[in-house]
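Here's the structure, in structure tokens; my notes come after.
Chains as they are written, first to last, in my numbering: chain A, 10 to 118; chain B, 182 to 297.
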């Protein structure tokens with residue numbers, strides 16, 4: 010079972026930052042937070058992952074709260090191509106990657 | 182670089198027929214995963230291989246499903262006999278490393294199966 014809670018859908022205006030929340034209140038100390046996205050009719054695509062510290066790469070930033078019970082994925086300047094389902098996944102060392110229902114992000118022109 | 186390659190992209194078959202889905206992982210990757218996606222159940226992990234050996238097949242729905250990885254560059258997922266409820270998109274993914282230390286999974290474009 011997925012260990013995360015995400016809103017089913019969100020809207021964001023093109024060019025603005027998209028902030029996607031994820032609740033993982035039962036996360037344990039050795040579990041990582043992963044984000045993937047799935048653009049329509051394509052396979053899921055890895056975005057970023059982190060343990061405690063905030064992380065940034067060319068695609069996005071991951072902000073994890075100090076108590077690690079929630080996180081936010083930030084797409085700094087959303088484009089229409091960012092329209093997708095975004096999955097937040099909590100995974101411990103040795104665990105399988107289990108996808109939940111995700112958040113359907115709509116980028117509005 | 183070539184990504185994960187799956188074939189066929191689309192398959193339409195009749196109930197009772199055998200279906201074979203194929204996957205070529207990224208060269209050098211030593212872990213391979215088969216997922217199934219439906220509207221009702223979302224993305225489900227079916228089976229996971231490491232170094233060509235099946236490590237966890239607890240997600241395989243029933244005996245009609247079987248998966249093999251005869252070498253590092255090829256895997257198959259077979260359904261025999263197929264049923265309408267097997268209709269789904271089947272994804273293959275690969276990565277370098279084993280479960281304790283994997284990071285990023287690279288997914289193929291999927292094989293859309295329709296069983297009439």
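Even glycine gets a Cβ: it sits at the ideal position worked out from N, Cα and C.
Assignment of residue 262(B) by DSSP, reduced to helix, strand and coil, places it in the coil class. 32(A) is the residue among 105(A), 28(A), 27(A) and 32(A) whose C-alpha sits nearest the C-alpha of residue 15(A).
At a cut-off of 8 Å, the C-beta of residue 224(B) has a neighbouring C-beta in chain A. Taking 8 Å as the cut-off, the Cβ atoms of residue 108(A) and residue 223(B) count as close.
At a cut-off of 8 Å between beta carbons, residue 246(B) makes no contact with chain A.
Within chain A, no C-beta atom comes nearer than 9 Å to that of residue 294(B); the closest sits roughly 14 Å away.
For residue 271(B), none of the residues of chain A pass the 9 Å Cβ criterion, the least Cβ distance being about 10 Å. Residue nearest to residue 75(A) within the set 60(A), 87(A) and 82(A) is 60(A) (criterion: CA-CA distance).
Listed along the chain, the chain A residues whose CB falls inside 8 Å of the CB of residue 237(B) are 105. Contacts with chain A at 8 Å (Cβ-Cβ) do not include residue 209(B). Residue 53(A) belongs to the set of residues whose beta carbon lies under 8 Å from a beta carbon in chain B. For residue 100(A), the enclosing beta strand (DSSP E) stretches over residues 93-101.
Look at residue 25(A) here: in three-state DSSP terms it is coil, with no helix or strand label. Of the residues 256(B), 196(B), 233(B) and 211(B), the one whose Cα lies closest to the Cα of residue 187(B) is 256(B). Residue 269(B): member of the beta strand (DSSP E) spanning 269-276, first to last residue. Boundaries of the beta strand (DSSP E) around residue 296(B): 292-296. Within the DSSP bridge table, the entry for residue 233(B) names no partner. Looking at the DSSP output, residue 18(A) sits in a beta bridge with 113(A). With its beta carbon less than 8 Å from one in chain A, residue 288(B) belongs to the interface.
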